[in-house]
Amino acid sequence: MLIAAVLVGTGGTSVAPALAQQPQQQPLGGTQAPAAGAQRPAPVTIERLRVEGIDRQSMRDFVRRVSGLTEGQQVTLPGGEAIGEAIRSIYDSGLFSDVAIVEEEGGGSADGGVQLLIRVTPEPGLAGYSFKGVDDNARDDLEERITLAEGRPVRPSDIQRAEQAIKAFYSEEGYLLADVETRRQPTASGDQVNLLFEVDPGKKVEVEDIRFAGNEAFDDGDLRDAMEDTREDRWWRFWKSEKFNREKYESDLDRVVDFYNEHGYYDATIVSDTTYVEGGDDLIAEVTVREGNQYYVRNIEWRGNTVYPDAVLTRALGFEQGDVYNTKRLQKNLRGNRSSSDVTSLYMDRGYVRFRAQPNVQPAPGDSLDLVFDLTEGEVWEFGDITIAGNTKTKEHVVRRELYTVPGSKFSRSDIRESIRRLQQLGYFSQESLKKGPSTSFDQQNKEVDLTYQLKEVSNDQLELSGTYGGYGLVLQTSFTFNNFSAQNLFDFDEWQPLPVGDGQKLSLSVRTAGFDYQRYSLSFTEPWFRGRPTPIGGSVSYARISSDYYGGRRIRRGGASDTEAGVFQRVTTQFFRRQRLDWPDDKFSLSSTVNYNYYRNDNGLYGSLPPGESYQLSFKQGLSRNSRDNPLFPSRGSKVDLSVEVAPPVGDLIQFHKWRFKTGWNVPLTSNGKLSFNVSTDYGYIGSLTGEEVAFQTFDLGGTAFDYGRYSFGTEPIYMRGYPQRALNPLRGTDFVGGRILNKYPSELRFMAVESQQLRA
Numbered sequence: 009m010l011i012a013a014v015l016v017g018t019g020g021t022s023v024a025p026a027l028a029q030q031p032q033q034q035p036l037g038g039t040q041a042p043a044a045g046a047q048r049p050a051p052v053t054i055e056r057l058r059v060e061g062i063d064r065q066s067m068r069d070f071v072r073r074v075s076g077l078t079e080g081q082q083v084t085l086p087g088g089e090a091i092g093e094a095i096r097s098i099y100d101s102g103l104f105s106d107v108a109i110v111e112e113e114g115g116g117s118a119d120g121g122v123q124l125l126i127r128v129t130p131e132p133g134l135a136g137y138s139f140k141g142v143d144d145n146a147r148d149d150l151e152e153r154i155t156l157a158e159g160r161p162v163r164p165s166d167i168q169r170a171e172q173a174i175k176a177f178y179s180e181e182g183y184l185l186a187d188v189e190t191r192r193q194p195t196a197s198g199d200q201v202n203l204l205f206e207v208d209p210g211k212k213v214e215v216e217d218i219r220f221a222g223n224e225a226f227d228d229g230d231l232r233d234a235m236e237d238t239r240e241d242r243w244w245r246f247w248k249s250e251k252f253n254r255e256k257y258e259s260d261l262d263r264v265v266d267f268y269n270e271h272g273y274y275d276a277t278i279v280s281d282t283t284y285v286e287g288g289d290d291l292i293a294e295v296t297v298r299e300g301n302q303y304y305v306r307n308i309e310w311r312g313n314t315v316y317p318d319a320v321l322t323r324a325l326g327f328e329q330g331d332v333y334n335t336k337r338l339q340k341n342l343r344g345n346r347s348s349s350d351v352t353s354l355y356m357d358r359g360y361v362r363f364r365a366q367p368n369v370q371p372a373p374g375d376s377l378d379l380v381f382d383l384t385e386g387e388v389w390e391f392g393d394i395t396i397a398g399n400t401k402t403k404e405h406v407v408r409r410e411l412y413t414v415p416g417s418k419f420s421r422s423d424i425r426e427s428i429r430r431l432q433q434l435g436y437f438s439q440e441s442l443k444k445g446p447s448t449s450f451d452q453q454n455k456e457v458d459l460t461y462q463l464k465e466v467s468n469d470q471l472e473l474s475g476t477y478g479g480y481g482l483v484l485q486t487s488f489t490f491n492n493f494s495a496q497n498l499f500d501f502d503e504w505q506p507l508p509v510g511d512g513q514k515l516s517l518s519v520r521t522a523g524f525d526y527q528r529y530s531l532s533f534t535e536p537w538f539r540g541r542p543t544p545i546g547g548s549v550s551y552a553r554i555s556s557d558y559y560g561g562r563r564i565r566r567g568g569a570s571d572t573e574a575g576v577f578q579r580v581t582t583q584f585f586r587r588q589r590l591d592w593p594d595d596k597f598s599l600s601s602t603v604n605y606n607y608y609r610n611d612n613g614l615y616g617s618l619p620p621g622e623s624y625q626l627s628f629k630q631g632l633s634r635n636s637r638d639n640p641l642f643p644s645r646g647s648k649v650d651l652s653v654e655v656a657p658p659v660g661d662l663i664q665f666h667k668w669r670f671k672t673g674w675n676v677p678l679t680s681n682g683k684l685s686f687n688v689s690t691d692y693g694y695i696g697s698l699t700g701e702e703v704a705f706q707t708f709d710l711g712g713t714a715f716d717y718g719r720y721s722f723g724t725e726p727i728y729m730r731g732y733p734q735r736a737l738n739p740l741r742g743t744d745f746v747g748g749r750i751l752n753k754y755p756s757e758l759r760f761m762a763v764e765s766q767q768l769r770a
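Numbering (the working numbering), first residue to last: 9 to 770.
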C-alpha cells in the first residue's frame, strides 16, 4: 500500500514528500503533472478519516472540521485541490507546526475507496516570557506592546512580531541599533515553552547633523527650524536628548516642503533623503530638495457665489494680485482662522452648513499662479434641539442662559464659539471638555442641526487657609467662596450637595485675625442674572478693627497720660453694585455701577496720617469694560479693558475725591495648546480733589502681594508688584514712604500652565 504525505514546515513553506517504506510513493497534495504514459489521477471516495498527533477528542474534531474533508467525499489523488486546501486550512489555524495527510496502509476497498490519516504536530503553548537586558521602566512598556498570551500556541510569526515590537520601542527611544534574540525554553512537560527575549539596546543614536542640498533661497538653518521634532544635538540643549524617530522625521520632511510652500515655492519637493549612523552613535541626515520657482498670485476667480460678491470673498481670503503665494495662509483664510474672518466662516455664520470651497491652483505664464475657487453654497440651516448633558450640579437654566445657540435661529459657527467661551467663563465645567465643542447631528429633511453640550462638572468653590508671621505676631485667615451657590435652596436640605448649589450665585465669607490687636470680617453675595436678565447685582459688608494695646499677641502699655486708653482704628464698609451686559459695540462690553459707603473711626491717633475721630465716605463708581478672554483664571488669548471713574462728593463732612482708573490686558498664545502664553498689560490711575483741599484716605500703594496687605491698607488701594516689598515703590516724604496720587504700571508676564484643573492650577 502506498503512503504519501504533504508537509507544511514551521516556516509556512512546502516541504518535500515524506519518505515511505514503499519504493513507489506519491504525495496526496500538490499540482504535479503525471509522467508521460502514466494513468491520470482519478476521483476516489474517503471511506475513513482519522486525526493523529493530539489526544483530546474535541481537538481532533476541530482538525477534521477545519480541514473541510468528510467521509464519503470524493477527492482526487494525488494532486487534488481538496487535499492541498485542507492542509493550508489546518496550518492557518495557527495551532500546528507540521501538517501531513497520508493514505493509511491496508486501507481502502476494491471499488476505489481510501482511508486518510491527518497527522499534526501541535505548536507548544506559551508558559510565559521574560526579558534580559531590560530595565524595569522599559519592561512595563514592552509588556503593553507585546501581544503574546499565556496558554496560546507560539508560532514563529508571533515571535517575529514580538521582536519587531521590542525593536520599535527602542527605536522610538533613540536606540536604532537595538538587537533582540529570542531563546525558546521548553517546560518539563514538553507541551509548553518559555520565551526569553535577550535585548542589547546598544548606544543611543542622536541626531548629529542635518545637511541639505539643492537649497538656494533658504540656508540650512532655516530648513532645520522648519523641522519640529528632528533636531541636531547641541551641548547647550542639555535638558533634551535629540533622539531620532523615523515617523516624526518623515513628518518633518513634509514640514520642510510646507515651509517652502508658505514662501511661494509651490513646486518645492524632497528629491531624496538618506540617514546613516556615523561613529557608532551619531546619526547624519542628508536631504536633497528641489526648490523650483517662487510664485506670485496673478488672478483670483470665484465661481458659484451668490451670497457674497467677489470683492468680499477676496478680502476674506487675504490675497491681492502680486502677493507671494502662501499655501498655509490660503487654507487658513479659506477654511478657518482664529479670528473667524475666513471665507468658510462668512457662510457658516449665515447658516450655510453645507458650504464647500474647492481651490484650484493653476500655473500661469512665468512665475504666476491663478487661484480659482469653485463654491457650493447649499441651503440655509437652523439650530434644532439644544441638549445639555453632564450637568450634575449646575441647573440647566444656568447653562442655557449663557448659550447663543437658540433653537429655531439661523445656524452660526461664531455663536457656537461664543457659547463655549461663555461657559468657560463660568468656571463650573472642565475646560478640556468644553474645548471639544458640542456634538452635532444633522436633520437633512428639516435642515436643522441638533447640538449636544457634553459637560463635565468640576468644583470651583474655594477654601483658603493661610497664615503669616511677623512683627505683629501670627495672622491667620480663613475664607470660603462658593461660586455656584443657590440661595433659593438654602432651606431645602434635599438640594444640598453638601451645600445648596446650582444657580450660579456667588457667596463669600472671610475672617482674618491676629488675636486682640487685629480682626477683619467680610461677607459678599452676587446674583449674576437679576430677574432673568444678564444683569449681575450684589453687595458686600465688612468690618475691621485694630487695637494698639496689643503687639505680637501680648498686651502692652503706652507711655504718658494715655497709657490706660487703647488706640483703636475701626472701619465699616458696605458696597452695592450692578452690572449690565451691552449689545453695542459688541456683546463683550459691560457697564457697571457701584455705590460705596465707608465709616472710619480713628481713636487716640492710632493712624497719625489720617484724621482723628470719625470720618465718612460715600462714593459712586461707574465703569465700562470689555472682556474677550478665553479663560477667567488662566487666559491664553483675548483681552480685557477696564475704564472707571469714582466720585466721592463733598457733601457735609463726607470725604471728597475723584479717582480715575484705566487698565488693559492682552494675552497671546505661544503654543498651539495655549499652555504657554504671553501677557502684556497697563494700569493707569489718578486721584484728585474736587474742592482743592488735600484728599484723605485715598492713595496708591505700590509693591508687595496680597499677603502683605490687609492690616494697614485702610484708605489706600494696593497695587501689587511681585518682587518688591509693600510700599517699596511709593514716593518718599522725608524718610517715610507715602502713597501716590498718580499711577503708571506696565507689567508683562510669560505664563506656562503646568497643571490644568479647577482644584489645582499652576
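Even for Gly, the Cβ is constructed at its ideal location relative to N, Cα and C.
Since this is a predicted model, take the numbers as computed values, not measurements.
{"query": "Among Glu725, Glu216, Glu214, Lys256, the one whose alpha carbon lies nearest that of Ala234", "result": "Lys256"}
{"query": "Contact under 8 Å by Cβ, Ser179 with Ala186", "result": "yes"}
{"query": "Cβ-Cβ distance between Val142 and Leu150 below 8 Å", "result": "yes"}
{"query": "Coarse secondary structure for His271, derived from DSSP in three states", "result": "coil"}
{"query": "CB contact flag (Val305, Gln329, <8 Å)", "result": "yes"}
{"query": "Bounding residues of the alpha helix (DSSP H) (the contiguous stretch that carries Phe70)", "result": "65-75"}
{"query": "Gly748 beta carbon less than 8 Å from that of Leu698", "result": "no"}
{"query": "Member of Leu124, Asn313, Pro658, Asn341 whose CA lies at the smallest distance from the CA of Arg323", "result": "Asn341"}
{"query": "Proximity of Asp451 and Asp458 at Cβ, strictly below 8 Å", "result": "yes"}
{"query": "Nearest-angstrom beta carbon gap, Thr335 and Glu266 [assumed within contact, 8 Å]", "result": "Here residue 266 turns out to be Asp, not Glu, going by the sequence shown. With a Cβ gap of about 7 Å, Asp266 and Thr335 count as contacting."}
{"query": "Residue from Arg72, Leu498, Glu111 whose Cα sits closest to the Cα of Ile98", "result": "Arg72"}
{"query": "Limits of the unbroken beta strand (DSSP E) element including Phe6", "result": "Limits of the chain in this structure are 9 at one end and 770 at the other, which puts residue 6 out of reach."}
{"query": "Beta-carbon proximity list for Thr582, same chain, < 6 Å, skipping 5 on both sides", "result": "Val549, Tyr605"}
{"query": "Contiguous beta strand (DSSP E) assignments of at least 3 residues, all confined to the segment 185-225", "result": "187-194, 200-208, 214-221"}
{"query": "Boundaries (first-last residue) of the alpha helix (DSSP H) holding Asp423", "result": "421-434"}
{"query": "Alpha-carbon spacing of Ala762 relative to Lys683, whole angstroms", "result": "8 Å"}
{"query": "Nearest-angstrom beta carbon gap, Asp350 and Gly344 [assumed within contact, 8 Å]", "result": "5 Å"}
{"query": "Between the CA atoms of Asp525 and Gly561 - distance to the nearest angstrom", "result": "With a pLDDT of only 40 at Gly561, under the threshold of 50, the placement of this residue in the model should not be trusted; the figure read from the coordinates follows. Going by the C-alpha atoms only, they are around 7 Å apart."}
{"query": "7 Å CB neighbourhood of Leu27 in its chain, flanking five on each side removed", "result": "Note that Leu27 scores 30 on pLDDT, short of 50, meaning its location in the model is unreliable; the coordinates nonetheless yield the value given after this. For Leu27, where only same-chain residues beyond five positions count, there are no Cβ hits under 7 Å."}
{"query": "Identity of the residues DSSP links to Asn752 by a beta bridge", "result": "Tyr692"}
{"query": "Member of Gln193, Gly210, Val576 whose CA lies at the smallest distance from the CA of Asn202", "result": "Gln193"}
{"query": "Under the three-state DSSP convention, the category Gly711 falls into", "result": "coil"}
{"query": "Collapsed DSSP secondary structure at Tyr284 in the structure displayed", "result": "strand"}
{"query": "Simplified DSSP state of Gly747, which is helix, strand or coil", "result": "coil"}
{"query": "Residue burial classification, Gly510 (beta-carbon count within 10 angstroms, cutoff 16)", "result": "buried"}
{"query": "Anticipated Cβ contact below 8 Å, Ala221 with Thr314, distance rounded", "result": "Ala221 to Thr314, Cβ: 50 Å. No contact."}
{"query": "Buried/exposed call for Lys444, threshold 16 Cβ in 10 Å", "result": "exposed"}
{"query": "Residue environment, Ser420, which counts as buried when at least 16 other CB atoms sit within 10 Å", "result": "buried"}
{"query": "Minimum C-alpha distance to Tyr137 - residue among Glu113, Gln123, Ile167, Thr129", "result": "Ile167"}
{"query": "From Asp393, Asp241, Phe490, Ala365, residue whose alpha carbon lies closest to that of Asp382", "result": "Ala365"}
{"query": "Range covered by the beta strand (DSSP E) that runs through Asn635", "result": "621-635"}
{"query": "Range covered by the beta strand (DSSP E) that runs through Phe381", "result": "376-384"}
{"query": "Simplified DSSP state of Ile564, which is helix, strand or coil", "result": "Because Ile564 sits at a pLDDT of 47, beneath the cut-off of 50, its placement in the model cannot be relied upon, and the following sentence gives the value as read from the coordinates. Note: Ile564 maps to coil in three-state DSSP."}
{"query": "Reduced DSSP category for Arg759 - H, G, I as helix; E, B as strand; rest coil", "result": "strand"}
{"query": "Among Arg263, Ser623, Asp260, nearest to Phe580 - alpha-carbon criterion", "result": "What sits at residue 580 in the sequence shown is Val, not Phe. Closest option to Val580, Cα to Cα, is Ser623."}
{"query": "Pairwise C-alpha distance: Arg239 and Arg8", "result": "No answer is possible for residue 8: the residues shown for the chain start at 9 and end at 770."}
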